[in-house]
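Since the structure comes first, as structure tokens, the remarks are kept for the end.
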Amino acid sequence: MKALTRLPPHRRAVFLSDVHLGSRHCHATELARFLAELRCERLYLVGDIIDLWWMAHRRASWRPAHSDVIQALHALRGAGTEIIYIPGNHDASLRRACGLMLPAMQVRRRVIHVTADGRRLLVVHGDDYDGITHFGGLQERFGDWLYYRILTGNHLLNAVRRRLGRRYWSLSDFLKKRSGAAERYIERFVQAGLDDVRRRGLDGIVCGHIHRAALVERDGLVYANDGDWVESLTALVEDPDGSLRLLDHQGNMLVELAATARLPKAA
Numbered sequence: 001m002k003a004l005t006r007l008p009p010h011r012r013a014v015f016l017s018d019v020h021l022g023s024r025h026c027h028a029t030e031l032a033r034f035l036a037e038l039r040c041e042r043l044y045l046v047g048d049i050i051d052l053w054w055m056a057h058r059r060a061s062w063r064p065a066h067s068d069v070i071q072a073l074h075a076l077r078g079a080g081t082e083i084i085y086i087p088g089n090h091d092a093s094l095r096r097a098c099g100l101m102l103p104a105m106q107v108r109r110r111v112i113h114v115t116a117d118g119r120r121l122l123v124v125h126g127d128d129y130d131g132i133t134h135f136g137g138l139q140e141r142f143g144d145w146l147y148y149r150i151l152t153g154n155h156l157l158n159a160v161r162r163r164l165g166r167r168y169w170s171l172s173d174f175l176k177k178r179s180g181a182a183e184r185y186i187e188r189f190v191q192a193g194l195d196d197v198r199r200r201g202l203d204g205i206v207c208g209h210i211h212r213a214a215l216v217e218r219d220g221l222v223y224a225n226d227g228d229w230v231e232s233l234t235a236l237v238e239d240p241d242g243s244l245r246l247l248d249h250q251g252n253m254l255v256e257l258a259a260t261a262r263l264p265k266a267a
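According to full-length UniProt numbering, the residues represented by the sequence shown are 1 to 267, in order.
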């Protein structure tokens, strides 16, 4: 008798962003594997999926693994997964298609996602908060220059670690956590997002943009950042009961926010 094949867990919704397909820093192989194991009702692509900015301003790097990611997305769509694309600042030209229902996906500027337990979450890339966090201009250009050089070091380091049989480790995330300026910027970004959803009367936010995965509850509001696929290699998932989990590229749970028990509405 053949052993039964264990199916991957079913997810109500999955959120991922900052893939940066077309850039040499994208971990497309790991993402293609992650998507191949995915079973979900709805997939939110929360911006910077295809790095049109990189491809226009630097040398494009579209490897076979990048095409594998696109094929995996098509396979999910063919299996019945609803795909919603929310463009970010590196694929901002796609915002001209916002509001359109394309054959493969919907394109939206922002979306309110309602979890199974009734929480209303704003889903947005997050670059709208750059003005509030006072990040832009020369500071942004210098930050990009330094950041991409750190990513190059990160890539070389992990190539050596793979040969030694070691797990993936993010040098760039390690350095950011030890930079006071980076931590202050991230805190301002988090606060800007929470202030936004508080004004809107929502229960929380799901975003990307800053390449720092997080899942926390602060002052009764959910802050979820699904991370990226150049550093942290993470995704946010919602389980059928409304629980939220942050997963790494191998499907291991990093953080969980349990579903809330809400009183039923009166008839």
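No residue lacks a Cβ here, since even glycine has one placed at the ideal position from N, Cα and C.
In DSSP terms, what HIS10 is bridged to: ARG39
Consult DSSP for THR29 and reduce its assignment to one of helix, strand or coil. Here THR29 sits in helix by DSSP.
Can you list, in chain order, the residues of its chain whose CB lies under 6 Å from that of ARG245, leaving out five sequence neighbours each side? VAL237, MET253, GLU256
At what residues does the alpha helix (DSSP H) containing GLY204 begin and finish? Per DSSP, GLY204 belongs to no alpha helix (DSSP H); it is in the beta strand (DSSP E), 204–207.
On the three-pair Cβ rule with 8 Å, is the segment 56–72 touching the segment 182–190? In this structure the segment 56–72 does not touch the segment 182–190; the number of beta carbon pairs closer than 8 Å is below three.
Following the continuous alpha helix (DSSP H) through ASP248, name the residue where it begins and the one where it ends. Per DSSP, ASP248 belongs to no alpha helix (DSSP H); it is in the beta strand (DSSP E), 244–248.
According to DSSP, simplified to helix, strand and coil, what is MET105? Correct three-state label for MET105: coil.
Tell me, please, which residues DSSP counts as bridged to SER61. According to DSSP, which records beta bridges pairwise, SER61 is partnered with GLY22.
Am I right that HIS113 and VAL124 are in contact with their C-beta atoms under 8 Å? What's the rounded C-beta distance? Wrong, their Cβ atoms sit about 11 Å apart, outside the cutoff.
I'd like the list of long-range same chain contacts for ALA32, defined as Cβ closer than 7 Å, with 5 residues on each side in sequence excluded. ALA65, ASP68, VAL69, ALA72
Start and end residues, beta strand (DSSP E) containing THR260: From DSSP, THR260 is part of no beta strand (DSSP E); its letter is neither H nor E.
Are the beta-carbon atoms of residue 271 and ASP219 separated by less than 9 Å? Absent from the model: residue 271. The displayed extent of the chain is 1 to 267, so no value can be given.
Distance, Cα to Cα, ASP195 vs ALA214? 17 Å
Residue span of the beta strand (DSSP E) that contains LEU121, given as start and end: 120–123
Which residue from ALA258, GLN250, THR260 puts its Cα closest to that of GLU37? The residue with the shortest Cα to Cα distance from GLU37 is GLN250.
Grab me the residues of LEU106's own chain with a C-beta within less than 8 Å of its C-beta, minus the 5 sequence neighbours each way, in chain order. Residue identity differs from the one stated: residue 106 is Gln in this sequence, not Leu. Closer than 8 Å at the Cβ level, and outside the excluded window around GLN106, lie GLU82, ILE83, ILE84, TYR85, LEU100.
Would you report the Cα separation of ASP130 and PHE189, rounded to the nearest angstrom? 7 Å
Bridge partner(s) assigned by DSSP for THR234: Looking at the DSSP assignment, THR234 forms a beta bridge with ASP248.
Sorry if obvious, but does the Cβ on GLY251 come closer than 8 Å to a heavy atom of the ligand FMN? Inclusion of the ligand FMN in the displayed structure is not the case, the ligand content being empty and no account of it being possible.
Per DSSP, what are the beta-bridge partners of TYR85 in this structure? LEU45, VAL107
Limits of the unbroken beta strand (DSSP E) element including ARG167: No beta strand (DSSP E) contains ARG167, which DSSP labels as neither H nor E.
Straight-line CA distance for ILE186 to CYS207? 12 Å
Between the C-alpha atoms of LEU138 and ALA259, what's the straight-line distance to the nearest angstrom? Its pLDDT being 36, under 50, LEU138 is placed unreliably by the model, and the measurement read from it follows with that caveat. Those two C-alpha atoms are separated by around 43 Å.
Residue span of the beta strand (DSSP E) that contains LEU100, given as start and end: Careful: LEU100 lies outside any beta strand (DSSP E) and carries neither H nor E.
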